[in-house]
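Novice: Quick one: the structure is below, and I'll ask about it shortly.
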Amino acid sequence: MTTIVWFRDDLRIADHPALHAAAARDEPVVGVYVLDEESPGVRPLGGAARWWLHHSLASLGERMAARGAPLVLRRGAAAEVIPSLVRELDARAVVWNRRYGGPEREIDAGVKSELRASGVEAGSFAASLLFEPWTIRTGGGTPYAVFTPFWRACQAMPAPRAPLPAPEALRGPEIAPASDRLDDWELLPTAPDWAAGLRETWRPGEPAARERLQAFLDDDVRDYERARDEPAGGATSLLSPHLRWGELSPHEVWHRALASGADAGAFLSELGWREFAWHTLYHHPDLATANLDRRFDAFPWPPLDPVALEAWRRGRTGFALVDAGMRELWHTGTMHNRVRMVVASFLVKNLLIDWRHGEEWFWDTLVDADAASNSFNWQWVAGSGADAAPFFRVFNPELQAQKFDPQRLYVRRWAPDHADGLGPMPIVDLKASRRAALDAYETVKQHPRSGGETEAG
1 MTTIVWFRDD LRIADHPALH AAAARDEPVV GVYVLDEESP GVRPLGGAAR WWLHHSLASL
61 GERMAARGAP LVLRRGAAAE VIPSLVRELD ARAVVWNRRY GGPEREIDAG VKSELRASGV
121 EAGSFAASLL FEPWTIRTGG GTPYAVFTPF WRACQAMPAP RAPLPAPEAL RGPEIAPASD
181 RLDDWELLPT APDWAAGLRE TWRPGEPAAR ERLQAFLDDD VRDYERARDE PAGGATSLLS
241 PHLRWGELSP HEVWHRALAS GADAGAFLSE LGWREFAWHT LYHHPDLATA NLDRRFDAFP
301 WPPLDPVALE AWRRGRTGFA LVDAGMRELW HTGTMHNRVR MVVASFLVKN LLIDWRHGEE
361 WFWDTLVDAD AASNSFNWQW VAGSGADAAP FFRVFNPELQ AQKFDPQRLY VRRWAPDHAD
421 GLGPMPIVDL KASRRAALDA YETVKQHPRS GGETEAG
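1 is the number of the first residue of the sequence shown in the UniProt record's numbering; add one for each residue after it.
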């Protein structure tokens, strides 16, 4: 008899409730990761995410093997792959940590139902969020739409559980099941190989994630609240891709931050913002494609200007902070959070390009793009989301640069042509484009909101 641990966006062995439960069963354990690009509604990963996944899976496979259990790689629709592997191994149980996107919940619920109908134990565990989305409600029983009362309600809940230790040893089957070769999945770019900057910037995997967390808590967390908006500074945690891929659990980050002795309130509120994004996606599964504030369905977007969109993508807009941010993104697969807001505002409100075009570009180029935070934050900037910045709040990239990069250190690093006065000419007039955006917004004010919700599997 065998227990299968189905890994998804939780590529770690420490504080992994499903793996912990499997190890406690005292029977052979097999881990499996399914590259599912076939199930209905599942969004294919972007290029930068695929790069990260390759290296994170390689790291997880090594850590599983070192403890005595294999990590099996299979490709296909999960609803077919998991039951097939169960039959192949004559497995008695399948366990996993929950997912919260709409298509993923449908897949998981279907697999759970099929397994249980065939006499196989199937169990899911809370691991990726501090609080389950159905547990945080307003006094009227509805989901929160504003962050501050949401986070206050979270903090009024029992404290997040303590992290679970990594299993010291696992018992694998006598004969390991066949596995795909990771290289055969072709997750890494080859023609051309554009990932040099990612390799230079990042080391995916659980060991690197834990090292990065410790380095942040040893140093940068103490200056986080003061310096987190300075793009040239070093006060950011750089943990977002590790959290996105589950190489760290939010529970471990939470408890280690509290134990660090530093005033970590501002940093922990960023974990709260991540929670808010996932809770919003749970209640609104179409967050990446549909305006949360349905009034914006009537927003009069002009015909798409592909030249302006490409200039934005490539960091050739003529505005130093925007161009520096977009070039940082292309090189490293990430971007400073303050600059993310500036470049998103510029696309939506100065170029009058639908936020969904920006969301798609970030989905393809960010190593930390996830189904919740990416679309949630784009809608926040666009004014159509939860707790949204008002549409009339337009981030002026020149004023933002003066305030947060006064020495032009960030611009000099990522857009040195601008720092030397040789950057491209501006593609839009900031004042006139802001006025056009506000005029367009006048047409959406009278339209009602709407939304819905479902449960996780």
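Just so it is clear, CB atoms sit at the ideal spot from N, CA and C, and this is done for glycine as well.
Below 8 Å between beta carbons: does that hold for T201 and G333?
Specialist: In the sequence shown, counting from the first residue as 1, residue 201 sits at position 201. In the sequence shown, counting from the first residue as 1, residue 333 sits at position 333. Against a cut-off of 8 Å, the Cβ pair of G333 and T201 comes out as a contact.
Novice: Taking 7 Å as the line, does the beta carbon of L292 fall inside it for any heavy atom of the ligand NAD?
Specialist: The ligand NAD is absent from the structure shown, which contains no ligands of any kind.
Novice: To the nearest angstrom, how far is the alpha carbon of D108 from that of V253?
Specialist: Numbered from 1 along the sequence shown, position 108 holds the residue referred to as residue 108. Numbered from 1 along the sequence shown, position 253 holds the residue referred to as residue 253. D108 and V253: Cα-Cα distance of roughly 26 Å.
Novice: Three Cβ pairs or more, each shorter than 8 Å: is that satisfied between the region 393-400 and the region 306-325?
Specialist: Touching, per the Cβ criterion.
Novice: What would DSSP say about E247, mapped onto helix, strand or coil?
Specialist: Position 247 of the sequence shown, counted from the start, is the residue given in the question as residue 247. Looking at E247 - three-state DSSP - the assignment turns out to be coil, as it is neither helix nor strand.
Novice: Quick one: Cα of I175 to Cα of W6, how far?
Specialist: As a position in the sequence shown, residue 175 is number 175, starting the count at 1. As a position in the sequence shown, residue 6 is number 6, starting the count at 1. So the alpha carbons of these two residues sit roughly 19 Å apart.
Novice: Which residue comes first and which comes last in the alpha helix (DSSP H) that contains S124?
Specialist: Within the sequence shown, the letter at position 124 stands for residue 124. Segment E121 to F125 is the beta strand (DSSP E) holding S124; no alpha helix (DSSP H) there.
Novice: Just confirm the distance between the C-beta atoms of A388 and W380, as a whole number of angstroms; I'd bet it's less than 8 Å.
Specialist: Translated into the one-based positions of the sequence shown, residue 388 becomes position 388. Translated into the one-based positions of the sequence shown, residue 380 becomes position 380. Right, the Cβ-Cβ distance comes to about 5 Å (below 8 Å), so this counts as a contact.
Novice: When you compare only the Cα positions, how much space is there between V444 and S345?
Specialist: Here the question's residue 444 lines up with position 444 in the sequence shown. Here the question's residue 345 lines up with position 345 in the sequence shown. Each residue's alpha carbon lies about 18 Å from the other.
Novice: Out of curiosity, what's the CA-to-CA distance linking residue 459 and G325?
Specialist: With the chain represented from 1 up to 457, any question about residue 459 goes unanswered, as that position is not in the structure.
Novice: Report back the beta-carbon spacing between W52 and P250 to the nearest angstrom; my notes put them in contact at under 8 Å.
Specialist: As a first step, residue 52 is located in the sequence shown; it is residue number 52 there, counting from the start. As a first step, residue 250 is located in the sequence shown; it is residue number 250 there, counting from the start. Actually they do not touch by this definition, with Cβ atoms about 18 Å apart.
Novice: Quick check on G31: does DSSP put it in helix, strand or coil?
Specialist: Start at 1 with the first residue of the sequence shown, and residue 31 comes out as number 31. G31 falls in the strand class under three-state DSSP.
Novice: Once DSSP output is grouped into helix, strand and coil, what is the label at F296?
Specialist: As a working note, residue 296 is residue 296 in the sequence shown. Note: F296 maps to helix in three-state DSSP.
Novice: In the DSSP assignment, the beta strand (DSSP E) including A93 goes from what residue to what residue?
Specialist: Here the question's residue 93 lines up with position 93 in the sequence shown. Per DSSP, A93 belongs to the beta strand (DSSP E) from A93 to N97.
Novice: So what's V428 in DSSP terms, helix, strand or just coil?
Specialist: Residue mapping note: residue 428 aligns to position 428 of the sequence shown, counting from 1. It is coil, neither helix nor strand.
Novice: Please classify L170: does DSSP put it in a helix, a strand, or coil?
Specialist: Here residue 170 corresponds to residue number 170 of the sequence shown, with the count starting at 1. In this structure, L170 counts as coil in the three-state DSSP scheme.
Novice: Can you have a look at D263 and say buried or exposed, based on whether 16 or more other CB atoms are within 10 angstroms of its CB?
Specialist: If you number the sequence shown from 1, residue 263 lands on position 263. With fewer than 16 other Cβ atoms within 10 Å, it is exposed.
Novice: Spatial neighbours of A456 within its chain, please: C-beta separation below 6 Å, excluding the five flanking residues on both sides.
Specialist: Counting from 1 along the sequence shown, the entry for residue 456 is found at position 456. Reliability fails at A456, whose pLDDT of 47 lies under 50, so the model's placement of it is uncertain and the value that follows must be treated cautiously. Contacts found: R98, Y100 and R105.
Novice: What are the start and end residues of the beta strand (DSSP E) that includes A7?
Specialist: Residue numbering aside, residue 7 sits at position 7 when the sequence shown is read from its first letter. For the record, residue 7 in the displayed sequence is Phe; it is not Ala. Unbroken beta strand (DSSP E) run through F7: T3 to F7.
Novice: With three or more C-beta pairs closer than 8 Å as the rule, is the region 214-224 touching the region 12-28?
Specialist: No, because fewer than three Cβ pairs between the region 12-28 and the region 214-224 fall closer than 8 Å, the two stretches do not touch.
Novice: Hey, D286 and S384: beta-carbon distance below 8 Å or not?
Specialist: Position 286 of the sequence shown, counted from the start, is the residue given in the question as residue 286. Position 384 of the sequence shown, counted from the start, is the residue given in the question as residue 384. Not a contact, by the Cβ cut-off of 8 Å.
Novice: Assuming the contact rule is C-beta atoms closer than 8 Å, G76 and D36 should be a hit. Round their C-beta distance to whole Å, please.
Specialist: Counting from 1 along the sequence shown, the entry for residue 76 is found at position 76. Counting from 1 along the sequence shown, the entry for residue 36 is found at position 36. About 7 Å separates the two Cβ atoms, so the contact holds.
Novice: Starting from R75, trace the beta strand (DSSP E) both ways and give me its first and last residue.
Specialist: Locating residue 75 in the sequence shown gives position 75, counting from the first residue. Looking at the DSSP string, the run of the beta strand (DSSP E) that includes R75 is L71 to R75.
Novice: Exposed or buried, which one is S118 when buried takes at least 16 other CB atoms within 10 Å?
Specialist: Your numbering for residue 118 matches position 118 in the sequence shown. Exposed: under 16 other Cβ atoms inside 10 Å.
Novice: Excluding sequence positions up to five away, which residues of its chain have a Cβ less than 8 Å from the Cβ of N374?
Specialist: Locating residue 374 in the sequence shown gives position 374, where the first residue counts as 1. A288, E359, F362, W363 and L366, listed in sequence order.
Novice: Can you check whether the CB of I13 is closer than 8 Å to the CB of L85?
Specialist: Position 85 of the sequence shown, counted from the start, is the residue given in the question as residue 85. Position 13 of the sequence shown, counted from the start, is the residue given in the question as residue 13. Result no, Cβ atoms of L85 and I13 do not sit closer than 8 Å.
Novice: Cα separation between V146 and F276?
Specialist: Counting from one through the sequence shown, the residue named residue 146 turns up at place 146. Counting from one through the sequence shown, the residue named residue 276 turns up at place 276. Taking the straight line joining both Cα atoms gives about 9 Å.
Novice: How is E442 classed by DSSP in three states: helix, strand or coil?
Specialist: To locate residue 442, count along the sequence shown from 1; it is residue 442. Note: E442 maps to coil in three-state DSSP.
Novice: Is there contact here, the region 207-218 with the region 111-131, by at least three beta-carbon pairs under 8 Å?
Specialist: Touching, no.
Novice: Taking Cβ to Cβ, would you say A382 is nearer than 8 Å to V348?
Specialist: If you number the sequence shown from 1, residue 382 lands on position 382. If you number the sequence shown from 1, residue 348 lands on position 348. Yes, these two residues count as a Cβ contact at 8 Å.
Novice: Under a CB-based cut-off of 8 Å, is A371 close to chain D?
Specialist: No chain D appears in this structure, which consists of one protein chain only.
Novice: What residue does the alpha helix (DSSP H) around Q400 start on, and which one ends it?
Specialist: Reading the sequence shown from its first residue, position 400 is the one you call residue 400. Note, Q400: alpha helix (DSSP H), P397 to F404.
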